[in-house]
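If you count by UniProt numbering, then the sequence shown holds residues 1 to 206, one letter each, in order.
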Amino acid sequence: MMNLKSVKTMQERPIKSTKTITDFYSAKEIEEKYQISYSRLYVIAKENNIPSATLSGKRLFSMEHIDRYFRKLGYKEAEEITEWYTIEQIQKIYKMTVKAVHSFTSRYKIPKKKEKTGNTTLYSKKHVDEIKNARIGEDGYITVPEACALFNVDRDTIYNRCKWYNIPKKTKGKNVIISIEGLRKVFSTGNIAINNVNEPAIAAHE
């Protein structure tokens, strides 16, 4: 990190600002902290209009703007995470395809990071497990959103299976809750292959 008080900043698309930027990262510092390549950094800076400055021929980037960008991606939280899954591990444990893993981690904004060596993406074990294993109520029922997350399907699919297989469900307050045991018998925990079964479409109603 560098503290600069008299270096003129640059932006791809200048915007009005009354705040003077004095704290900067060097490219190397960003690469090491956020585990990205030199070329990727410049793409991010250009696409997100990150203010930068030049000192002794080296380009520096606004610390505030860089940290804000990565914070939105969950990197701040990722710094506190100690256990991680690879995509292959998620596939094996939850019986998902690669496409399903990418869809799931993107949909639920699972914190991720790149390995320091190689180009393997890791995902927070805690976040994946918590969503996939949904907190089950004392009576063995879960809500529709929890069921969607657990089996990686949409609401219509959940309602269709409940209707077609007579899975027990009931109303609790304003929510519909469904038997986790009944769902698991149909979906085989995490197995999305059930989506290919030829069943008549049934309108979903709470």
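Backbone N, C-alpha and C define an ideal beta-carbon position, used for all residues, glycine too.
Can you tell me whether residue i is helix, strand or coil according to DSSP?
i: V176; result: strand
i: Y34; result: helix
i: K109; result: coil
i: D67; result: helix
i: L73; result: coil
i: D154; result: coil
i: Y95; result: A quick correction: the sequence has Lys, not Tyr, at residue 95. The answer is coil: DSSP assigns K95 none of H, G, I, E or B.
By the DSSP assignment, the beta strand (DSSP E) with residue i in it spans what residues?
i: I142; result: Y141 to T143
i: Y85; result: W84 to T86
i: T54; result: S52 to L55
i: K58; result: K58 to S62
i: T121; result: T121 to S124
Leaving out the 5 sequence neighbours to the left and right, which residues in its chain are closer than 6 angstroms to residue i when beta-carbon positions are compared?
i: N48; result: Y69
i: T18; result: In this prediction, T18 scores a pLDDT of 44, lower than 50, which makes its location untrustworthy; the coordinate-derived value is nonetheless stated afterwards. Taken in chain order, the list of residues that qualify is empty.
Candidates the options: which alpha carbon is nearest residue i's?
i: G140; options: L183, E64, E80 and D154; result: L183
i: W84; options: K114, M96 and Y159; result: K114
i: T120; options: T86, K172, Y165 and K72; result: T86
i: H65; options: D156, Y25 and S179; result: Y25
Whose C-beta lies closer than 8 angstroms to the C-beta of residue i among residues of the same chain, with five residues either side of it excluded?
i: N198; result: In this predicted model, N198 has a pLDDT of only 31, less than 50, meaning its place in the structure is not dependable enough to derive any value.
i: E181; result: G140
i: I202; result: Unreliable placement is indicated for I202, whose pLDDT of 37 sits below 50; no coordinate value is reported for it.
Once the 5 residues before and after residue i are set aside, which same chain residues still bring their CB inside 7 angstroms of it?
i: V81; result: Here the sequence assigns Ile to residue 81, which means Val is not the residue at that position. For I81, where only same-chain residues beyond five positions count, the Cβ hits under 7 angstroms are P111, S124 and K126.
i: L41; result: A27, I30 and E31
i: M63; result: M1, D23, F24 and Y25
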